[in-house]
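Below you'll find the structure, written out as structure tokens, and then a few comments.
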Amino acid sequence: MTRIFIENFELDIDKGLSNQITYSVSDLKNIDSKTTAFSKTIILPGTANNNNLLGNIFEFNNANFTNSSSPNVGYNFNASKTAKCSIEVDRMTVIKGVFKLLEIIIDGKNVEYECSVIGELGGFSMKLGAKKLEELDFSAYNHTYSYQNIVASWDNYQGGAGYYYPHIDYGLYSTNKHDWDYGTFRPALFVKQYLEKIFAAAGYTYDITWSNGFEVDRFKTLIIPFNKKKLTKSGTQQVGCTPQATTGCIDQATPMPIQWQNFSGTNWTINGGTTGSVFTYTGLDPTNATFKVDITFTASTTNTPVNNGIYIDTYKNGVLIPSSTKFIPPFSGTVNDFYIVNLVDEPVVTGDYFEVQASAADTGMCYDSLINQAGTVSISSDIPITLNVNLGDTVSLNDCIPPNILQKDFFASILKLFNLYVDENRFEEKHLIIKPYTSYYDGTVEDWSQKIDRAKPIKIKPMSELNSRYYSFKYKDDSDYWNELYRKRYNEGYGSRIFDSEYEFSKETESVEIIFSPTVLVSITDEDKVYSTIYKFTNNLEERIDSNIRILQARKITGVSSWDLKEGATTLTTLTVYGYAGHFNSPVTVGNDLNFGATRELFYSLAGGLLNQNQFNIYYSPYMAEITDKNSRLLECFVKLTDTDIFNLSFASFKYIDGGLYRLIKLTDYTPEANETTKAEFLRVINKEY
138 MTRIFIENFE
148 LDIDKGLSNQ
158 ITYSVSDLKN
168 IDSKTTAFSK
178 TIILPGTANN
188 NNLLGNIFEF
198 NNANFTNSSS
208 PNVGYNFNAS
218 KTAKCSIEVD
228 RMTVIKGVFK
238 LLEIIIDGKN
248 VEYECSVIGE
258 LGGFSMKLGA
268 KKLEELDFSA
278 YNHTYSYQNI
288 VASWDNYQGG
298 AGYYYPHIDY
308 GLYSTNKHDW
318 DYGTFRPALF
328 VKQYLEKIFA
338 AAGYTYDITW
348 SNGFEVDRFK
358 TLIIPFNKKK
368 LTKSGTQQVG
378 CTPQATTGCI
388 DQATPMPIQW
398 QNFSGTNWTI
408 NGGTTGSVFT
418 YTGLDPTNAT
428 FKVDITFTAS
438 TTNTPVNNGI
448 YIDTYKNGVL
458 IPSSTKFIPP
468 FSGTVNDFYI
478 VNLVDEPVVT
488 GDYFEVQASA
498 ADTGMCYDSL
508 INQAGTVSIS
518 SDIPITLNVN
528 LGDTVSLNDC
538 IPPNILQKDF
548 FASILKLFNL
558 YVDENRFEEK
568 HLIIKPYTSY
578 YDGTVEDWSQ
588 KIDRAKPIKI
598 KPMSELNSRY
608 YSFKYKDDSD
618 YWNELYRKRY
628 NEGYGSRIFD
638 SEYEFSKETE
648 SVEIIFSPTV
658 LVSITDEDKV
668 YSTIYKFTNN
678 LEERIDSNIR
688 ILQARKITGV
698 SSWDLKEGAT
708 TLTTLTVYGY
718 AGHFNSPVTV
728 GNDLNFGATR
738 ELFYSLAGGL
748 LNQNQFNIYY
758 SPYMAEITDK
768 NSRLLECFVK
778 LTDTDIFNLS
788 FASFKYIDGG
798 LYRLIKLTDY
808 TPEANETTKA
818 EFLRVINKEY
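With my numbering applied, the sequence shown closes on residue 827, and no number is skipped along the way.
Structure below.
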């Protein structure tokens, strides 16, 4: 008996239901894509139960409020959102994933729902939708920007979580390329924690099963470096300065502007450059500004007051803000350390200005001085702005995420980079099992010789008939100086690889391209620190730039020549280690390369290592060798499978057919309980291991 469930509620189905399901693990015609199980159109009758579970969506004027935190069913049903769904046959789950409502058909009093079920990999992709990386929350890793934290992060290179400050040359942070200003160090987050955050936010879990411990450890070192021209943070603080000593006669007739010094700000200026009394808004967007005066001062007078004191007032555009007035009571002689806070909240547009003035309460009474001892003026805005991060500031990791990167594109590029296959866990909901092609097949063998329907045609095709001549594996181009230099010299991207299948009946090229850009490693003569570079070089001058998202391997390198980590001309600390990040796992003795192919030129002297251990050779060459081998075959035939066979279906086991081993690639249009044969595609196994 076939049953369909949506959010654990059973839907009514017709007795004659024929729901064809396709199962696939990869697409031989397009190695750039990953596939999932899916059903063809399922027709559900408009019964009272189905109408209720689908929120009576068939009604023309139906409308309802939905809560995304509640199950997507019943009154809460939203056809634009995913709903958990499964199809069972005799209590065996033959597909589970998400429910998709395609169309509603109303014929007189009859209502039908056309729908489909998409496997959990497809459901996961739908759940991610248009969500971006910057929507993930890494605030738990916020910390103080200090050279101590920069250096300490290098010990975390194998942790797979937290933050890491790679040594990357972003331009203009070193004149001799030996000693470096702290500004060249920006925090990076680990790929592993990005994936964990993405899955958790989508309500899914996953396991990546690597071939060996080396791959496990290597994956933990992968980082996503900072990709903006300068380390910044989002904030509302726009102005900061300190008071300046003010002397002279303060009376009622002639108020005295209070002077400020050490001005720094965004969207505001002070009339004297860095010292002055008038603050002018230069931002383009109207906003509400909170103007706060916080001062401690000493006041003195040689007069004998009768009924006077001092007013501290804030003016906007020359007009007193009445609520801002603060009054210092009458006194004679000296008043020490008088503390006052003056706070106003005002709407501002471009050109508005503020000033703080002091005046005497009585005409003719003169105070000799108002000497500011300490304090600040600060202006904040209700519109977040971008501020530079300096030593001692808090680094917000959420501000360090590459912007405008879709989570699903990030995940897909990780799959492509390592040629990862994705399976759904048969017994656990929303749990994906991820393995590289090189370890996907578990070595078990199932005899399917008796399952072949020999009454129907059996087709055998040479694999090259289905593929292009050339296969291009590449990172995305970027415009920084070293990437452009390499591309101009060799007419190809840094770290790319083109595989020639030698199939002479096609001139087509199929591409596997990831969202990350390559990052060139550089070191100058007689310098033993090797670093990735991301900057432009214009008119013989370095220029900091925003760049495309990158992916690198991290490693703490010890035993280098002594160098200084600096703040301007000041040495913060002297070191003989640094936090390396690059496409090689080590710049000294290379063990593996994150590029697809070996580069035609290295921009530093390499001591030694294995330059052939790159992403193509490790993760793609066995696959390409098998599908392009002259003895490779694609077998298409029909097989007789029971519902139990489908429940136990494993693409990871080899299928034994008439004396040969095959990899099952795809089952098309399996119909539960129909007692029919199903079209199957198999790839001949040339080598079980490579």
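Glycine is no exception: its CB is placed at the ideal position from the N, C-alpha and C atoms.
Straight-line measurement puts the Cα of Y418 at about 7 Å from the Cα of T406. For Q396 against S414, the beta-carbon gap comes to about 5 Å, under 8 Å, which counts as contact. Contact check for L702 against T695 fails: the beta carbons are separated by 7 Å or more.
Our two residues, A185 and R800, have alpha carbons roughly 45 Å apart in a direct line. Restricting attention to G420, N768, L421, F416, the CA atom closest to the CA of F428 is found in F416. In summary, I255 is buried, with 16 or more beta-carbon neighbours lying within 10 Å of its beta-carbon over all protein chains present. Of the candidates D780, L309, I458, L309 places its Cα closest to the Cα of T675.
Residue burial annotation: L731 is buried, with at least 16 other C-beta atoms found within 10 angstroms of its C-beta. With contacts defined by Cβ atoms closer than 7 Å, A325 and I360 form a contacting pair. Taking a cut-off of 8 Å for Cβ pairs, the segment 233-240 and the segment 253-273 touch, as three or more such pairs fall below it. Burial of N209 is indicated by the presence of at least 16 other C-beta atoms within 10 angstroms of its C-beta. When the five nearest sequence neighbours on each side are left out, the beta carbons in the same chain lying within less than 6 Å of the beta carbon of V486 are those of P423, in order along the chain. For G259, the enclosing alpha helix (DSSP H) covers residues 257-265. A495 sits buried, since 16 or more C-beta atoms from the chains shown fall within 10 Å of its C-beta. DSSP, read as helix, strand or coil, puts A817 in strand. Taking a cut-off of 8 Å on C-beta distances, the segment 542-557 touches the segment 257-270, as three or more cross pairs fall below it. By the neighbour-count criterion, in which 16 or more other beta carbons inside 10 Å mark a residue as buried, Q285 falls on the exposed side.
No Cβ-Cβ contact shorter than 7 Å links R737 with Y618. Beyond the five residues adjoining it in sequence on each side, I241 comes within less than 8 Å, by CB distance, of I194, F195, V248, E249, Y250, E251 in the same chain, given in chain order. The residue among Y756, S790, R821, V514 with its C-alpha nearest the C-alpha of E773 is R821.
CA-CA distance, D766 to E818, rounds to 18 Å.
Straight across, the Cα-Cα distance linking L678 with V649 is about 35 Å. DSSP places P182 in the strand class (E or B) of the three-state scheme. Annotation: the continuous beta strand (DSSP E) that includes T406 extends over 405-407. Between P303 and R687, the gap from beta carbon to beta carbon reaches 7 Å or more. DSSP links I243 through a beta bridge to V248. About 42 Å separates the Cβ atoms of Y300 and L786, ruling out a contact at the 8 Å cut-off. Looking at the DSSP output, N525 sits in a beta bridge with T369.
Bridge pairing for A495: M393, I449 [DSSP]. Of the residues I179, F775, S311, the one whose Cα lies closest to the Cα of T708 is S311. For P759, the uninterrupted alpha helix (DSSP H) run begins and ends at 758-765, by DSSP. DSSP, reduced to helix, strand and coil, places W619 within a helical segment of the structure shown.
In the three-state reduction of the DSSP assignment, T487 falls in the coil class, being assigned neither a helical nor a strand state. With contacts defined as CB atoms closer than 7 Å, Y607 and I635 qualify as a contacting pair. In the structure shown, the three-state DSSP call for N399 is strand. Secondary structure of D354 (DSSP, three-state): helix.
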